[in-house]
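Participant: Note that full-length UniProt numbering has the sequence shown beginning at 1, numbered continuously upward. Heads up, the beta-carbon is just placed ideally off N, CA and C, and yes, glycines get one too. Owing to the predicted nature of the structure, the values given are computational and were not obtained by experimental measurement. Structure below; questions to follow.
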Amino acid sequence: MQPIRPQQSDTDIELKMLMEAIYLKYSYDFRDYTGASQKRRVLHAMREMGCDTISQLQSRVLHEPAGFSELLQYLTIPVTEMFRDPTYFAALREHVMPVLSTYPSLKIWVAGCSTGEEVYSLAILLKEEGLLERSIIYATDINPQSLEKAKKGVFPLENMRAYTENYQAAGGRRAFSDYYTAAYNAALFDRSLAENVTFADHSLATDAVFAETQLISCRNVMIYFKKKLQERALGLFHESLCHRGFLGLGSKESIDFSAYGPLFEPVVKRERLFRKL
């Protein structure tokens, strides 16, 4: 006797068809992203883009590349800030930077860099530890528009107060305003912070490892992945990291129940900071 499958709603069926269509047409793979968050974002995009159904949205995405580009902004909504979770950066400063200082050169990967706040935060930390000049930072994301924003290093001036508080709580050693110039309600960050940063399009769902690294920071990205995709991402990180390299995850992410869990040891577990065995 065949097991009875739970009946899926029309919306869930349309959602799966949309993600399959995006993968086949544009090679962007959202098929293993968590359903609830994905559905919420697609329904919001559907309303904002003037579509009555997901099927109508799919037709627009398939026949209008600009429509896909617009939808991509909803599927990859950035939720970030500079020195987000300051205790994470404090832990990097105390436990990771002294080890990284023993390497003659460094390669660091910020996976899912979004609009760049994490990248510039890390660059400031490396600068204060005297490591920025011998570091190459790979900042990757699947959203070309986010990468363009990250390259510019311009952020709303109204955010600087909160960013300053985060920076100070993370153990910052200077006045945060030393790192940017204020003009026209925007903060332009010092270009020297991004001189050794390579911004690149990279998908944790479809792409391979591209460099050996000493530190990978991928925070608040895998919470949107299903188990299968989480395992793929962790596999990429494990392959990319050198022996005894460091991995930093987001505050709601863990490797405890992953096949890769035994291959890492916690450095500061409450900050989701691990080291490859």
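1) Looking at the ligand SAH, does it come within less than 7 Å of residue 238, judged from the CB to the closest heavy atom?
2) Taking 8 Å as the threshold (C-beta atoms), are residue 264 and residue 163 in contact?
3) When the Cα of residue 99 is compared with those of 129, 21, 50, 182, which residue comes out closest?
4) Does residue 135 come out as helix, strand or coil in the three-state DSSP assignment?
5) Note down, in chain order, each residue of its chain lying with its Cβ closer than 6 Å to the Cβ of residue 220, except the 5 sequence neighbours on either side.
6) Contact check, residue 226 vs residue 33 under 8 Å by CB: the rounded distance?
7) Determine the direct distance from the alpha carbon of residue 49 to that of residue 107, and round the result to whole angstroms.
8) Between the beta-carbon of residue 198 and the beta-carbon of residue 142, is there less than 8 Å?
9) Do the CB positions of residue 216 and residue 252 come within less than 8 Å of each other?
10) My understanding is that residue 297 touches residue 24, with C-beta atoms under 8 Å, so please give their C-beta distance in whole angstroms.
11) Along the alpha helix (DSSP H) that carries residue 240, what are the first and last residues, could you check?
12) According to DSSP, is residue 52 helix, strand or coil?
Facilitator: Here's the rundown:
1) For the structure depicted, the ligand SAH is absent and the ligand set is empty, with no information on it obtainable.
2) Judged by their CB atoms, residue 163 and residue 264 are not nearer to each other than the 8 Å cut-off.
3) Nearest C-alpha to residue 99: 129.
4) Strand at residue 135.
5) Counting only residues of its own chain and dropping the five nearest sequence neighbours on each side, residue 220 has a CB closer than 6 Å to the CB of 250.
6) About 7 Å separates the two Cβ atoms, so the contact holds.
7) Rounded to the nearest whole angstrom, the C-alpha separation of residue 107 and residue 49 is 40 Å.
8) The Cβ-Cβ distance between residue 198 and residue 142 does not fall below 8 Å.
9) No Cβ-Cβ contact shorter than 8 Å links residue 216 with residue 252.
10) Because the chain in this structure spans residues 1 to 277, residue 297 falls outside the shown range and cannot be described.
11) Element bounds for residue 240: 227-240.
12) DSSP, reduced to helix, strand and coil, places residue 52 outside both helices and strands of the structure shown, so it counts as coil.
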